[in-house]
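If you read the protein sequences in the order shown, they are chains A and B.
Residue numbering for the first sequence follows this note's numbering, beginning at 2 and increasing consecutively.
Residue numbering for the second sequence follows this note's numbering, beginning at 24 and increasing consecutively.
Where a beta carbon is used, it is the ideal one built from N, C-alpha and C, also for glycine.
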Amino acid sequence: MAGRPERAETTTYNRLAVLRTERGLSRQDLARALAVNYQTIGYLERGEYNPSLELALRIAEQFGLPVEAIFSRQPFVPMSEQLYADRARTEMTR
Amino acid sequence: MYTYNIPYGYLYTRTENHVMTGQVGPTRFNVDRLSQRSRRPIAAVTLLGLPAMYAWSSIWRSTSVPVIVWGPVSFLLIGLTIAGGFVLYRFVRHRAELARPDLDERQRQLRDHAYVASYGVLATVVVALVGTVAVIVMVFGHPIVLDGELVSAIGICIGTLIPLLPMAALAWVEPDPLSDDA
Numbered sequence: 002m003a004g005r006p007e008r009a010e011t012t013t014y015n016r017l018a019v020l021r022t023e024r025g026l027s028r029q030d031l032a033r034a035l036a037v038n039y040q041t042i043g044y045l046e047r048g049e050y051n052p053s054l055e056l057a058l059r060i061a062e063q064f065g066l067p068v069e070a071i072f073s074r075q076p077f078v079p080m081s082e083q084l085y086a087d088r089a090r091t092e093m094t095r
Numbered sequence: 024m025y026t027y028n029i030p031y032g033y034l035y036t037r038t039e040n041h042v043m044t045g046q047v048g049p050t051r052f053n054v055d056r057l058s059q060r061s062r063r064p065i066a067a068v069t070l071l072g073l074p075a076m077y078a079w080s081s082i083w084r085s086t087s088v089p090v091i092v093w094g095p096v097s098f099l100l101i102g103l104t105i106a107g108g109f110v111l112y113r114f115v116r117h118r119a120e121l122a123r124p125d126l127d128e129r130q131r132q133l134r135d136h137a138y139v140a141s142y143g144v145l146a147t148v149v150v151a152l153v154g155t156v157a158v159i160v161m162v163f164g165h166p167i168v169l170d171g172e173l174v175s176a177i178g179i180c181i182g183t184l185i186p187l188l189p190m191a192a193l194a195w196v197e198p199d200p201l202s203d204d205a
């Protein structure tokens, strides 16, 4: 007997706040560039709103990154941690 | 993060590694920034004020109690709907309108959610009213007389509250606004 399908996990993690701050953009600037309300940027950053595929692609285009570099279904490793792990790996291979 | 006010209407926000300035928003009373906790009672009171006024008046009108005694409460109840309607309109503005191309996808999603909630509330009220009337007439055998006053009260309530319902629902479902510097 087929059971009920499991409810899909809907949490999406993103690096929007880090990328925006890195580029020195305010929420208003990013909102203007993406043609959305600035509050929407805030909700996206806090993970309280999941963007449509169209908006996610527009965000990726705006930052010049692949969409999977900005959005993930798994929590992101902090960029600093990732950077130093990569550096340590490079030094070990030398 | 430390936040403190400095003169000349500017809010100073100091974070660990940078300083930002911006015009004061959250420190002034601003309808646009009403919290969900404040909006929900306003929405409820707005929708209930007018029907409560009719219910309250109908209790006292058939008695010999002078209008001066119960009248002010009726004015207060109708005033709650009027004042609440203004506050809701100031908060929601045009975001509850169906034909707004300038809303983004999150705002459209919230608006659609508000409309679904409105229809849900409306359907529940209609079913409850029809059910109550059916029970009174069919189970208890009491006839219900729809006189002109009752019909006009129902008509005014429907005519006033149906346009307010999507606004109230949007004010109810919209999450707390985020501060500009968060």
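Buried or exposed by the 16-neighbour rule on C-beta atoms within 10 Å, applied to residue i
i: A:L20; result: buried
i: B:I185; result: exposed
i: B:V150; result: exposed
i: B:V115; result: buried
i: B:I181; result: exposed
i: B:Y25; result: Because the pLDDT of B:Y25 is 44, which lies under 50, any placement of that residue in the model is unreliable, and the number read from its coordinates should be weighed accordingly. Exposed, by the Cβ-count rule.
i: B:A110; result: This sequence places Val at residue 110 of chain B; Ala is not what is there. Label assigned to B:V110: buried.
i: A:Y85; result: exposed
i: B:T44; result: The predicted model places B:T44 with a pLDDT of 35, which falls under 50 and marks its position as unreliable; any figure quoted below should be read in that light. Counting Cβ neighbours within 10 Å, B:T44 comes out exposed, since fewer than 16 surround it.
i: A:I60; result: buried
i: B:L103; result: buried
i: A:T94; result: exposed
i: B:R118; result: buried
i: A:P163; result: As displayed, chain A neither begins before 2 nor continues past 95, which places residue 163 of chain A out of reach and without an answer.
Proximal chain B residues relative to residue i, where beta-carbon distance stays under 8 Å
i: A:S53; result: E128
i: A:V37; result: D127, E128 and R129
Residue(s) in a DSSP beta bridge with residue i
i: A:F72; result: A:N15
Distance CB(residue i)-CB(residue j) smaller than 7 Å
i: A:I42; j: A:A32; result: yes
i: A:R24; j: A:I71; result: no
i: B:R129; j: A:Y14; result: no
i: A:Y44; j: A:R28; result: no
i: B:S141; j: B:A192; result: yes
i: B:S81; j: B:D199; result: no
i: B:Y77; j: B:A176; result: yes
i: A:A18; j: A:E46; result: yes
i: B:W79; j: B:V96; result: yes
Proximity to residue i [Cα-Cα], best of the options
i: B:E120; options: B:D135, B:G108, B:A106 and B:R129; result: B:D135
i: B:A137; options: B:W195, B:R62 and B:V68; result: B:W195
i: B:T69; options: B:G143, B:H165, B:L99 and B:A176; result: B:L99
i: B:G164; options: B:E172, B:T155, B:P198 and B:D170; result: B:T155
i: B:Q132; options: A:A18, A:V37 and A:S27; result: A:V37
i: B:A66; options: B:L145, B:V160, B:V139 and B:M190; result: B:M190
i: B:L188; options: B:L145, B:N53 and B:W83; result: B:L145
i: A:V68; options: A:M80, A:V78, A:E55 and A:P79; result: A:E55
i: B:I179; options: B:R113, B:L73, B:V96 and B:S85; result: B:L73
i: B:T183; options: B:I105, B:P124 and B:W83; result: B:I105
i: A:L26; options: A:F64, A:L58 and A:P76; result: A:F64
i: B:R84; options: B:D125, B:L173 and B:G108; result: B:L173
Residues that residue i contacts on chain A, provided the C-beta gap is smaller than 7 Å
i: B:L188; result: Under the 7 Å cutoff, chain A gives no residues; its nearest Cβ is about 23 Å from B:L188.
Proximal residues of chain B, C-beta to C-beta of residue i below 7 Å
i: A:V19; result: In chain order: nothing, as chain B lies at least about 14 Å away.
i: A:L1; result: Residue 1 of chain A cannot be examined here, being either before or after the span of chain A that is shown, 2 to 95.
Amino acids of chain A, ordered along the chain, whose beta-carbon sits closer than 8 Å to that of residue i
i: B:L201; result: Q40, G43, Y44 and R47
i: B:P198; result: Y44 and E49
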